[in-house]
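Below is the structure:
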């Protein structure tokens with residue numbers, strides 16, 4: 001009941017717990033998803049608490065009476081809001097930290113930098129994954145194949161051996 005009373009305002013969507021990107025959701029194990037769901041519920045509750053705090057601050061700002069007490073209370077409430085919004089942001093980072101170890105190296109690299117928005121790993125993750133995979137495919141054609149490198153090494157060793165044999169023949 002209390003959770004429905006204090007919804008984040010429409011101009012503060014960052015108070016809502018971000019959802020997991022669909023691309024990530026498909027890639028993570030179910031137990032990781034369950035752990036994240038609990039974290040997301042806590043974060044959602046914290047966001048609603050921040051919305052209630054903001055509503056209380058708005059009421060105080062509109063009052064004209066007792067300015068000295070009002071300023072003291074507003075200062076304390078503002079500091080409380082700062083602390084709680086920091087916890088809210090850190091919960092998003094914690095959720096990322098719980099999920100990223102289960103991802104491939106390529107996707108891991110793409111998930112650390114983007115800002116946290118409506119989606120936990122940023123809004124254009126699908127595009128970034130496609131671009132990274134395209135780059136990986138193009139690099140594959142540029143790298144020498146292992147067997148080619150091995151053949152070059154063997155050929156070099158054979159030539160070096162032939163030079164040593166030739167030097168021995170000349171000396172003897």
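Residue numbers (the numbering used here): 1 to 172. The beta carbon of each residue, even a glycine, is placed where N, CA and C say it ideally should be.
Residue i to residue j span [Cα, whole Å]
i: residue 21; j: residue 113; result: 15 angstroms
i: residue 70; j: residue 11; result: 25 angstroms
i: residue 58; j: residue 108; result: 41 angstroms
i: residue 103; j: residue 96; result: 11 angstroms
i: residue 129; j: residue 51; result: 34 angstroms
i: residue 8; j: residue 115; result: 20 angstroms
i: residue 67; j: residue 47; result: 28 angstroms
i: residue 110; j: residue 159; result: 45 angstroms
i: residue 19; j: residue 4; result: 19 angstroms
i: residue 140; j: residue 29; result: 29 angstroms
i: residue 122; j: residue 162; result: 60 angstroms
i: residue 25; j: residue 64; result: 50 angstroms
i: residue 119; j: residue 53; result: 24 angstroms
i: residue 49; j: residue 138; result: 49 angstroms
i: residue 216; j: residue 15; result: A query on residue 216 cannot be resolved here, the shown segment of the chain reaching from 1 to 172 and no further.
i: residue 6; j: residue 87; result: 18 angstroms
Residue(s) in a DSSP beta bridge with residue i
i: residue 119; result: 19
Bounding residues of the alpha helix (DSSP H) (the contiguous stretch that carries residue i)
i: residue 111; result: 105 to 111
Checklist line | Sequence ranges, alpha helix (DSSP H) only - wholly within the segment 29 to 82, length at least 4 | finding: 30 to 62
Does the contact criterion of 3 or more C-beta pairs under 8 angstroms hold for the segment 43 to 51 versus the segment 85 to 103?
yes
query: Between the segment 69 to 89 and the segment 33 to 40, are three or more C-beta pairs nearer than 8 angstroms?
result: They do not touch, by the three-pair rule.
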